[in-house]
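One structure is given below, encoded as structure tokens.
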Amino acid sequence: MTINCCKKCGSKVFIKNGFVRGMQRYRCKACRCNFTQTERRGVHPALRAFGLVLYGMCGVSMNKIAKMLGVSGVAVLKWIKKEASLIEDVQPYAESKIVMIDEMWHFVNGKKRKFGSGEPLMAYRVDLSDGNWALVAIHAAKS
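Numbering-wise (this note's numbering), the sequence shown opens with residue 25 and increments by one.
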């Protein structure tokens, strides 16, 4: 295995700088970092990203991700905190409009029919990406 670049800054300009634990040590001329010719530690960045997706999108626990990737739970916690600190605060923008749903108005005011439109409605709450939500009402299937 040959050293191609500095492990810290990626510079290709370095010199030999003694030995440590029987291994040749190098010193980067750009960032003055000392390093040896060893494999990088830690999990591959793609696996780290996969672990973050499992945590954020799939609800897998930090300890389960740690067991799957062969690292400690604290390491997974540090990955999550690091990525969370990089997220920019987005100011939510929502334009509020007052909407009156006729069927609900009639029902609340004591209309004699069971449903405002004469038919049962099913409502679904849809969460939007900006933190708002919408209510979608459709006619219920007749049985």
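Glycine included, each C-beta is placed from N, C-alpha and C at the ideal position.
Rounded to a whole number of angstroms, what is the C-alpha to C-alpha distance between tryptophan 129 and aspartate 154? The residue given as residue 129 occupies position 105 in the sequence shown. The residue given as residue 154 occupies position 130 in the sequence shown. Because tryptophan 129 carries a pLDDT of 49, less than 50, the predicted location of this residue cannot be relied on, and the following value inherits that uncertainty. Answer to the nearest angstrom: the Cα atoms are 28 angstroms apart.
How should tryptophan 157 be labelled, buried or exposed, when 16 other C-beta atoms within 10 angstroms of its C-beta is the threshold for buried? In the sequence shown, the residue the question calls residue 157 occupies position 133. Tryptophan 157 should be labelled exposed.
For my contact list, tyrosine 50 and phenylalanine 59 are in at a C-beta cut-off of 8 angstroms; report their separation, rounded to the angstrom. Here residue 50 refers to the residue found at position 26 of the sequence shown. Here residue 59 refers to the residue found at position 35 of the sequence shown. Confirmed, Cβ separation roughly 6 angstroms.
Straight-line Cα distance separating isoleucine 104 from glycine 97: As a position in the sequence shown, residue 97 is number 73, starting the count at 1. As a position in the sequence shown, residue 104 is number 80, starting the count at 1. Distance between the alpha carbons of glycine 97 and isoleucine 104 is about 11 angstroms.
Leaving out five residues before and five after glutamate 112 in sequence, what residues of the same chain have Cβ atoms less than 8 angstroms from its Cβ? Residue 112 sits at position 88 when you count from the first residue of the sequence shown. Cβ neighbours of glutamate 112 beyond the five flanking positions: none.
Could you tell me the distance, in whole angstroms, from the CA atom of phenylalanine 131 to the CA atom of arginine 149? The residue you call residue 131 lines up with position 107 of the sequence shown. The residue you call residue 149 lines up with position 125 of the sequence shown. The predicted model places phenylalanine 131 with a pLDDT of 49, which falls under 50 and marks its position as unreliable, so this point remains unresolved.
Among Val67, Gln61, Ala161, which one has its Cα closest to the Cα of asparagine 28? Counting from 1 along the sequence shown, the entry for residue 28 is found at position 4. Of Val67, Gln61, Ala161, the residue nearest in Cα terms is Gln61.
Taking the DSSP output, what are the residues bridged to glutamine 48? Translated into the one-based positions of the sequence shown, residue 48 becomes position 24. Paired residues: Phe43.
In this structure, what does DSSP give as the bridge partners for methionine 146? Indexing the sequence shown from 1 puts residue 146 at position 122. BP columns for methionine 146 point to Ile162.
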